[in-house]
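J.: Protein chains in written order, with the numbering used here: chain A, 5 to 225; chain B, 22 to 554.
Sharing a structure here in structure tokens format.
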Amino acid sequence: MSNRAELLERAAESYEKASLPLDAGRCYLAAGLVLRAAQCFENGGERETAAAAYRKGGAAEAAASIFIELGRPDDAVACHEGVGDLLSAGWVLALHTGRTAQARALLSDATFATTAGELRRALGLSLCAARLRGDPAELVRVVERCAAELPSISPLEARADVRDWAVQVADQVGRHDLSARIHAAAYHARVPNAVARWRGWAAAMLGDTFGVPDRPLPNED
Amino acid sequence: MAFFRRRSTTNRVPRQPAPRITLRSADLPAAVPPEPPETAGSPEVLLARFARPAGALACWAQLRAAAGPAAAPEVRRAPDGTLWLRASVPVELGAGVVWASGGSPYAGRPPVPVSPADRVAAPDDDALAGFPPVPLIELLAAVPARLRESVATRHELLLLINGPLANHVIRRAIGAGAEVNFQPVVATRRSASAAGPAGAAGPAVLVRVLRAGGLPRSLVRTLARLPQAVVGESPGTDPRLVVALDHRLPIDPAELLAEIPPDELWVLGGAEGGSWSVRRSGSGWFSADELYSARGLAAAPALPDRRSKFVPKDIRVQLVRDLERGGRPDAVMIDESDLDDLRVYLTGRPLGETGYLTPGPGGFLIQEPGGLVGDVPFGRPLRRIGPGGLFVPDGFRLRPAIPASGRQTLFAVAPRAAVVVSEGEVRRFDLGNAVPIWSLWAAELPEVRTEVTGRAAEVLLRLDILVEARPSAPTPDSERELAGPERAELHRDALIAHNDGDPVRAAGLLQQAGDFAAAARLLEAAALRRDAP
């Protein structure tokens, strides 16, 4: 005889097949499968419930990104802090709230294990410095350092992350020239999907994709 | 557009307007209205033209609140359909309200537009008096009622029913433990709809359903779904105004009550139910309990003497009320006389596709594996207490409680059968006889003709010459949709498995039939039951 959780899981799977994601989410949640419930809630458009479920299931990154989309950066920060990720918490504070001093304090305390993490912290701190002092000189230096170090970062996903972070920071202070430089560096560093991202960014920010390559660099054999 | 509500006294517009400044240009064309009358401050006649009833209603409510009930504005309909509102209020106050409500104000004698941009001339007094007046209830009926979400417990419902449905309602309400009163009335339809034109009057029944501790939700939900009936409640304490459930009046009910003639009752049913003015026959309320206690529905009579030797002689097993256990029914038992109503009601509804009808002694059992039977407004809702297919009426339980094995022995519950215990009788239904509900209206098919004749045949003959006949590739089994009979067979097996207390197997069969939502509902209900002690 099946037990309760098993029955609920089967019910949830059946609801998913019937294209009823919210009912499926309810059953997964009752069965204790929080992350699958969160996915269902997200598919069903219940983003707030989804974020709460992601957070409960320990998927702080997913929860935080929904909270940011919902315009609730403080909840996103709480998600990151809840799992001890000071770097991400400080980053969200710096980018999505006006609390620059608090962001700087969190970023200063943050630890990191990789080059990408170190660059992210430097980017966040330089954004705080630019905001507090009104002078983006430090920010320009860090973004240029990112562009220079991009080809040496591995794996490729980390390269894409550094590209995204640097572009976000440069766009925050209106330095689209720096963003374009980072996109160009990502293109030459063969970051996956670099062309599409560059063209999308150019179309959205500059209104034009003139001069942006339309295909990836050919492979060097 | 937004409707106006009666404002509190703190922000009410003062009756006596403040001194005002009139700006006039010296060389405007003749369309400019003459200087407003000198009687500023004293009530004067204000005319207003409205294209839509909502605006006229909003303006009516606002002006009545400002000028008092004695000076309620009157509304008339011009032959071209526009509405003309006539009120005795100062122009300074009235014009603003009219503009805000989406109308065009006219003042003076003869009336001229207050706004120079308005070129439509006002009718003179004689012409206006010739327009037919629009009663307030017709204005209300023309304005779509707003929906209101409410999960509050209802203590009293009022139903306006025209037709034999009244008997179903009374029986069902008594079965759910409510007190039921009714009185015959004459109802006049005030809004035209598919069901009939405005102005048609006919006999109807006004039913009042009440219960001190609150009406069961399942009963309220069922009654609210009834066709050909308006189910509502009175906003406030005065029962002369009934508003359909989950609808909201566009204006303050207190404003309306003063306008309802003393011998009338207004029933506002939104777009579906229609709006009605109801004239009572003067008979007062009849108590339905007296009528129906003869059928033994209200009492808790003894079961037939099927006791085994394990039950002591001096204890009688009874069905007693247990409203706490009421909820979504597992099956519905209907009499043969309900079959025609059911056929009309279920045509085109999902239950008609997936539900099963099992004929039995003196009635039919309706079941649906996915739990849709709760929507049926006819018949007696049943709850499965097990083991197997043992049912009691929803809202009742056996007293004294008998364990599952005892119930099986006492009521001779067997596989592939449903046993319904009701007052004074036990009925047995053989589930092997179950037929899909849709067979009720699809039983008599016209002759199917397949031959092609006339010009169509000529065309086909010509095409035969042009197009080479090509055999179509057979569909692989995995892509083939289940044929109707196969699905019906799976559904019936699922029903039997469910009745035999195996929801997991029933869900598996439903999944095979492609009915994943119903399967999921079964599995979830099974899991939740496992929670219960």
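Cβ atoms here follow ideal geometry from the backbone N, Cα and C, with glycine treated the same way.
Is it the case that the segment 415-433 of chain B contacts the segment 366-373 of chain B, given that we only count it when at least three CB pairs across the two stretches are under 8 angstroms?
T.: No, because fewer than three Cβ pairs between the segment 366-373 of chain B and the segment 415-433 of chain B fall closer than 8 angstroms, the two stretches do not touch.
J.: Do you know offhand how far L549/B's Cα is from L403/B's?
T.: To locate residue 549/B, count along the second sequence from 1; it is residue 528. To locate residue 403/B, count along the second sequence from 1; it is residue 382. Answer to the nearest angstrom: the Cα atoms are 19 angstroms apart.
J.: Please state whether the Cβ-Cβ distance between A57/A and A42/A is less than 7 angstroms.
T.: Within the first sequence, residue 57/A is the residue found at index 53, counting from 1. Within the first sequence, residue 42/A is the residue found at index 38, counting from 1. The answer is yes: Cβ separation under 7 angstroms.
J.: At what residue ranges does the segment 77-104 of chain B contain a whole run of the beta strand (DSSP E), taking only runs of 3 or more?
T.: Within the segment 77-104 of chain B, the complete beta strand (DSSP E) runs of at least 3 residues are 95-98.
J.: What does Q532/B reach in chain A if we use C-beta pairs closer than 7 angstroms?
T.: In the second sequence, counting from the first residue as 1, residue 532/B sits at position 511. Per Cβ cutoff of 7 angstroms: S18.
J.: My assumption, with CB atoms under 8 angstroms, is that L143/A sits in contact with S130/A. Please give the rounded CB distance.
T.: For this step, residue 143/A is matched to residue 139 along the first sequence. For this step, residue 130/A is matched to residue 126 along the first sequence. Going by Cβ atoms, the distance from L143/A to S130/A rounds to 4 angstroms, so yes, they are a contact pair.
J.: Using the beta-carbon of each residue, which ones in chain B are nearer than 9 angstroms to C31/A?
T.: Position 27 of the first sequence, counted from the start, is the residue given in the question as residue 31/A. Near C31/A (Cβ distances below 9 angstroms), the residues of chain B are A541, L544, E545 and A548.
J.: Among all the DSSP beta bridges, which residues are the ones paired with R404/B?
T.: Looking up residue 404/B in the second sequence gives position 383. Bridge partners of R404/B: V413/B.
J.: With DSSP run on the structure shown, which of helix, strand or coil describes D273/B?
T.: Taking the second sequence and counting its residues from 1, one reaches residue 273/B at position 252. Of the three classes helix, strand and coil, the one that applies to D273/B here is coil, per DSSP.
J.: Kindly indicate the opening and closing residues of the beta strand (DSSP E) around G123/B.
T.: The residue given as residue 123/B occupies position 102 in the second sequence. G123/B -> no beta strand (DSSP E), and no H or E assigned at all.
J.: Would P268/B be called buried (16 or more neighbouring beta carbons within 10 Å of its own) or exposed?
T.: Taking the first residue of the second sequence as position 1, residue 268/B is located at position 247. Note on residue identity: the sequence assigns His, not Pro, to residue 268/B. Result: buried.
J.: Taking Cβ-Cβ distances shorter than 9 angstroms, what residues in chain B pair up with A15/A?
T.: Position 11 of the first sequence, counted from the first residue, corresponds to residue 15/A. Chain B residues near A15/A: A528, A540, A541, R542, L543, L544, E545, A546, A547 and A548.
J.: Rounded to the nearest angstrom, what separates G128/A and E122/A at their Cα positions?
T.: Along the first sequence, read from residue 1 onward, the residue named residue 128/A stands at position 124. Along the first sequence, read from residue 1 onward, the residue named residue 122/A stands at position 118. Taking the straight line from one Cα to the other gives about 10 angstroms.
J.: Sorted by chain position, which residues of the same chain lie with C-beta nearer than 8 angstroms to Q204/B's C-beta, five sequence neighbours on each side aside?
T.: By 1-based counting over the second sequence, the position of residue 204/B is 183. Hits under 8 angstroms: V226, L227, R301, S302, S304, G305, W306 and F307.
J.: Could you tell me which residues DSSP puts in a beta bridge with Y58/A?
T.: Counting from 1 along the first sequence, the entry for residue 58/A is found at position 54. Answer by DSSP bridge pairing: none, since Y58/A is not bridged.
J.: Check distances from the C-beta atoms of the segment 88-105 of chain A to those of chain B and list, in chain order, the residues that come in under 8 angstroms.
T.: Going along the segment 88-105 of chain A in chain order, one finds no residue with a Cβ nearer than 8 angstroms to chain B.
J.: Using the beta-carbon of each residue, which ones in chain B are nearer than 9 angstroms to R40/A?
T.: Counting from 1 along the first sequence, the entry for residue 40/A is found at position 36. Near R40/A there are no residues of chain B at all, since even the closest Cβ is about 14 angstroms away, more than 9 angstroms.
J.: Cutting at 6 angstroms between CB atoms, please list the residues of its own chain near E200/B, excluding the five before and the five after it.
T.: As a working note, residue 200/B is residue 179 in the second sequence. Cβ neighbours of E200/B beyond the five flanking positions: L231.
J.: When DSSP labels each residue in this structure, what does N197/A get in the three-state scheme?
T.: Translated into the one-based positions of the first sequence, residue 197/A becomes position 193. Three-state result, N197/A: coil.
J.: Terminal residues of the continuous alpha helix (DSSP H) containing W95/A?
T.: On the first sequence, position 91 is the one that residue 95/A refers to. Start and end: L90 to H100.
J.: So, do the segment 71-82 of chain B and the segment 90-97 of chain B have three or more beta carbon pairs nearer to each other than 8 angstroms?
T.: Contact between the segment 71-82 of chain B and the segment 90-97 of chain B is present, because at least three Cβ pairs lie under 8 angstroms.
J.: May I ask you to report which of helix, strand or coil DSSP gives H176/B?
T.: If you number the second sequence from 1, residue 176/B lands on position 155. It is coil, neither helix nor strand.
J.: In three-state terms, what does DSSP make of N454/B?
T.: Counting from 1 along the second sequence, the entry for residue 454/B is found at position 433. In this structure, N454/B counts as helix in the three-state DSSP scheme.
J.: With H, G and I counted as helix, E and B as strand and the rest as coil, what does DSSP make of S296/B?
T.: Stepping through the second sequence from its first residue, residue 296/B is reached at position 275. Strand, per DSSP.
J.: Quick one, which of G62/A, N197/A, G178/A and R203/A has its alpha-carbon nearest E85/A's?
T.: Here residue 85/A corresponds to residue number 81 of the first sequence, with the count starting at 1. Per the Cα distances, G62/A.
J.: Taking the CB atoms as reference points, tell me whether A54/A and A35/A lie closer together than 7 angstroms.
T.: Position 50 of the first sequence holds residue 54/A. Position 31 of the first sequence holds residue 35/A. No.
J.: Less than 6 angstroms separating the Cβ of G400/B from some heavy atom of the ligand ATP?
T.: Of the ligands one can find in the structure shown there are none, so the ligand ATP has no counterpart to examine.
J.: Using a C-beta cutoff of 7 angstroms, does E537/B count as contacting chain A?
T.: On the second sequence, position 516 is the one that residue 537/B refers to. Checking the sequence, you will find Phe at residue 537/B rather than Glu. With 7 angstroms as the cut-off, F537/B counts as an interface residue toward chain A.
J.: Residues in its own chain within less than 6 angstroms of A16/A by CB, not counting five upstream and five downstream?
T.: Indexing the first sequence from 1 puts residue 16/A at position 12. A28, C31 and Y32.
J.: If V147/A and I186/A are in contact, beta carbons under 8 angstroms, what's the gap, nearest whole angstrom?
T.: The residue given as residue 147/A occupies position 143 in the first sequence. The residue given as residue 186/A occupies position 182 in the first sequence. That pair is a contact at about 6 angstroms.
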